[in-house]
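Protein chains in written order, with this note's numbering: chain L, 222 to 364; chain U, 2 to 99; chain Z, -16 to 94.
In this text, a Cβ means the ideal position worked out from N, Cα and C, and glycines have one as well.
Remarks on the structure that follows.
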Amino acid sequence: MSLFSVLSIGASGMQAQRSRAEVLVENLANAETTRTPEGGPYRRKDVVFESTDVTSPFASIFQAQVQGGGVAISEVVTDTSDPERRYMPGHPDADKDGYVAFPNVKPAEDMVDLMGAARGYEANVAAIGAVKDMIQRSIDLLR
Amino acid sequence: MAAPILPISPAALPSAIRPAGAANSPGGFQEVFSSAVQQVESLRKDASASVGRFLSGEGEELHTAVMATNRAELSFDLFLQTRNKVVSAYQEIMKMQL
Amino acid sequence: MLDAVAGQLERYMDLLSARQKLVASNIANADTPGYQTRDIDFQGEFHAAWRGAPQVQQVAGLANKNDGNNVSLDRESRLLAENALRFNLASGLLRAEIQQVRSAIKEGQGA
C-alpha cells in the first residue's frame, strides 16, 4: 500500500505511453513507404497494453500484498492484412498490372491516437508529481 | 502546671518521598514513574518496528512510520522534562532538610 | 497524548494514500483493454472501526469503451488533485498538533 510504489506505477505508465507514441510516429513517418528492406510496403504496427505487477528496487521479497496496478506493452502487433493498392503505372515499385502496394496507415486515426498517447503520458507524469508532493509532506511531519 | 513535653518524633515525610523500599502504595510515585517508563519504552519499540518495516520495503506507509517516531519522541520529551522537574524538586527538598 | 484527533488524521491519510495508489493504477491503465476502474469507499472506510487495508471495489456509472476499458482520465485527474490536496491538509493539521504538544512540553521547562 506504500505511496512509493505509485512512483513505479506512474513510471510504467509513462513508458507504455511512450512506446505507443513511438510506434504511432513510425506509422505516420512511413505512411507512404512502398519499399522496405524485407520487401513490400511498410506494414503498420499496433501496441497492446496489459496490466502488470510493478517491482520496486526497495520492495521486500516478503511483501504480503502483490504490487499490482502497473502497465506494460505486452506485444507489438504488425498488421498482416492486404496492403492498399493504388493504380500508378509510372511508379518505380509498380507491379506488372501497374498497381503499387501502399501501407495501410490511416494518418488521421494515428494522429488522434498520438494525441491520446501524449495525454496519457502527461497524466502519468502528473500522478508521479502529486505523489512525490505527498511523500514530501510526510517527511515534513518530522520537522 | 504545663503539660509534659512529648518526646520529639521523627518528621513525617510525605509518602511520595518515602525510600525506595516502600514502593507499591496505590497512586504512589514509584508506580506512576514506572508506568511512564513503560509507555515511553513501548512507544519507542513501536517506532523502531514501524521504521524497520518501512525501510525493508514491507509496505509500511512513510507517514505511519513518521507519526510513530513523533509519538515516541514526544512521550520521551515529556518524560524527560517531568523527570528533570522531579529531580530538581527533590534537590530543593534535600536542601531544606539541613 | 496525541491520540484522539491525530489518530483520525492518520487514518484519513492512510485512506488517501490507498486511494491515490488506485488512481495512479487507473491512470497507468487508461488504455489497457478490459481494465476496470478501481476505487475504495472512502467515507465508509473512514467511519468504520476496521483499521486495516481498505477494500478495493469497482466504480459504478462509468461507460465502457470499445476495448472494454472504462477509465475516465477526467475523473482520475480530478481525484488525483483532490487526494493530494486533502493529504496535504491533513499532514498540515497533524503537524500543527505535534507542534502544539511540543510547545506545551517545552513551556513547562524552567517554570
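According to DSSP, simplified to helix, strand and coil, what is residue i?
i: G350(L); result: helix
i: D334(L); result: helix
i: A322(L); result: strand
i: T83(U); result: helix
i: Y18(Z); result: coil
i: P258(L); result: coil
i: Q286(L); result: Low per-residue confidence applies at Q286(L): pLDDT is 47, beneath 50, and the placement is therefore not dependable, though the value from the model is reported in the following sentence. Q286(L) falls in the coil class under three-state DSSP.
i: K46(U); result: helix
i: L224(L); result: coil
i: A315(L); result: coil
i: S55(Z); result: coil
i: N12(Z); result: coil
i: K96(U); result: helix
i: K4(Z); result: helix
i: G75(Z); result: helix
i: R85(Z); result: helix
i: L45(Z); result: coil
i: F279(L); result: coil
Could you work out which residues of chain Z lie near residue i, taking near to mean beta carbons separated by less than 8 Å?
i: T271(L); result: According to the sequence provided, residue 271(L) is Glu. The question's Thr does not apply to it. Those within 8 Å of E271(L) in chain Z are T15.
Applying the 10 Å Cβ sphere with the 16-neighbour rule, what's the burial state of residue i?
i: R241(L); result: buried
i: H64(U); result: buried
i: L245(L); result: buried
i: P310(L); result: exposed
i: E(-7)(Z); result: buried
i: D50(Z); result: exposed
i: Y1(U); result: Because chain U spans 2 through 99 in this model, residue 1(U) falls outside it and cannot be assessed.
i: S89(U); result: exposed
i: M97(U); result: exposed
i: S302(L); result: exposed
i: V47(Z); result: It is worth fixing the name first, because residue 47(Z) is Asn in this sequence and not Val. Counting Cβ neighbours within 10 Å, N47(Z) comes out exposed, since fewer than 16 surround it.
i: G290(L); result: buried
i: M235(L); result: buried
i: S35(U); result: exposed
i: Y308(L); result: exposed
i: P258(L); result: exposed
i: E59(Z); result: buried
Who are residue i's beta bridge partners in DSSP?
i: T299(L); result: K266(L)
i: V39(Z); result: I23(Z)
i: G291(L); result: T273(L)
i: Y308(L); result: Y320(L)
Going along chain U, which residues have a C-beta under 8 Å from residue i?
i: I81(Z); result: N71 and L75
i: I88(Z); result: L75, D78, L79 and Q82
i: V(-12)(Z); result: Chain U residues near V(-12)(Z): none, gap ~12 Å exceeds 8 Å.
i: E(-7)(Z); result: H64, T65 and M68
i: V39(Z); result: None at all; the shortest Cβ gap to chain U is about 15 Å.
Which chain Z residues sit within Cβ distance under 9 Å of residue i?
i: I294(L); result: Simply none; closest approach about 10 Å.
i: M97(U); result: The contacting residues do not exist; M97(U) stays about 20 Å from chain Z at best.
List, in chain order, every chain U residue whose beta-carbon is nearer than 9 Å to that of residue i.
i: S223(L); result: F55, G58, E59, G60, E61, E62 and L63
i: G91(Z); result: L79, Q82, T83 and K86
i: S302(L); result: Within chain U, no residue comes near S302(L); the closest Cβ sits about 47 Å away, beyond 9 Å.
i: S55(Z); result: Neighbours of S55(Z) on chain U: none; closest Cβ ~27 Å, over 9 Å.
Using a Cβ cut-off of 7 Å, pull out every chain Z residue sitting near residue i, in sequence order please.
i: V333(L); result: In chain order: nothing, as chain Z lies at least about 13 Å away.
**OP:** Name, going along the chain, the residues of the stretch 45 to 66 of chain U whose beta-carbon falls closer than 8 Å to a beta-carbon of chain Z.
**Re:** E62, H64 and T65
Subject >> Residues, ordered as in the chain, of the stretch 234 to 254 of chain L that lie near chain U by beta-carbon distance below 8 Å >> reply: none
Subject >> Residues from the stretch 0 to 12 of chain Z in contact with chain U, defined by Cβ distance under 7 Å >> reply: S0
Original post:
Taking a cut of 8 Å between CB atoms, which residues from the stretch 56 to 77 of chain Z lie near chain U?
Top reply: S74 and L77
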